[in-house]
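Heads up: the structure comes next, in C-alpha cells.
Residue numbers (our numbering): 8 to 164.
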C-alpha cells in the first residue's frame with residue numbers, strides 16, 4: 008500500500024520495525040535507515056541508478072540485509088504543494104517498487120530536504136566533492152527523520 012497518511016502507514020506497522028528512507032533522483036537513490044523504535048535516522052548509502060531492474064535488485068538486497076519493514080519515499084512537491092514532473096516520476100517509482108518489495112510505502116513531502124542538508128554540509132565546511140558524495144543519503148536521512156518524528160507524534164495522539 009502507498010499512502011500519504013502517516014496514521015494509515017503506522018497502522019500497517021503495529022509492531023514498528025526498521026524503516027528505510029529513499030531520496031529518489033534521476034541519477035541516484037539516497038538510502039537511509041532508522042532503528043526499530045523509530046528514534047533516529049542514519050544515512051546508509053547512495054545507489055547509482057542504471058536500469059530499473061538492476062536498481063530494484065540492489066534495493067531488494069539492501070532492504071533484506073537491513074531487515075526493513077516499511078519505506079518512506081521523499082515526494083518532491085512544487086513549492087506551492089502541487090505535483091511536478093519529478094513528483095510524477097517519484098510516484099511512478101513508488102508504484103513500481105511497491106509490488107516487488109512487498110513493503111508499505113509512505114510518500115513524505117521533501118520540499119526542503121536537499122536545501123537543509125546542503126546548508127548543514129556548508130556550515131560543516133565540507134568540500135564540494137564531499138558534499139556531492141553525501142547529499143543524497145543525507146537527504147534520505149532528513150526525509151526519514153521527519154517521517155519518524157511524525158509517526159511517533161501520531162502514536163501519542
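Glycine residues also receive a C-beta, built at the ideal position from the N, C-alpha and C atoms.
Close Cβ partners of residue 157 (< 7 Å) along its chain, the five nearest in sequence each way excluded: 13
Residue nearest to residue 72 in terms of C-alpha spacing, selected from 108, 23, 32, 89: 108
Contact under 8 Å by Cβ, residue 31 with residue 100: yes
Contact under 8 Å by Cβ, residue 35 with residue 49: no
Any 3 or more C-beta pairs closer than 8 Å across the region 144–152 and the region 74–85: yes
Cutoff 7 Å; reference residue 116; Cβ partners in own chain excluding five residues on either side: 82, 84
Euclidean distance between Cα positions of residue 19 and residue 58: 30 Å
Simplified DSSP state of residue 50, which is helix, strand or coil: strand
Bridge-paired residues (DSSP) for residue 62: Beta-bridge pairing links residue 62 to no other residue.
Which listed residue (62, 89, 86) has its alpha carbon closest to that of residue 104: 62
Check: residue 31 C-beta below 7 Å from any heavy atom of the ligand ADP: No copy of the ligand ADP occurs in the structure displayed, which carries no ligand at all.
Buried or exposed (CB count within 10 angstroms, at least 16 for buried), residue 16: buried
Cβ neighbours of residue 110 in the same chain (closer than 6 Å, five flanking residues each side left out): 77, 78
Secondary structure of residue 76, DSSP reduced to three states: strand
Assigned secondary structure, residue 93 (DSSP; H/G/I helix, E/B strand, else coil): helix
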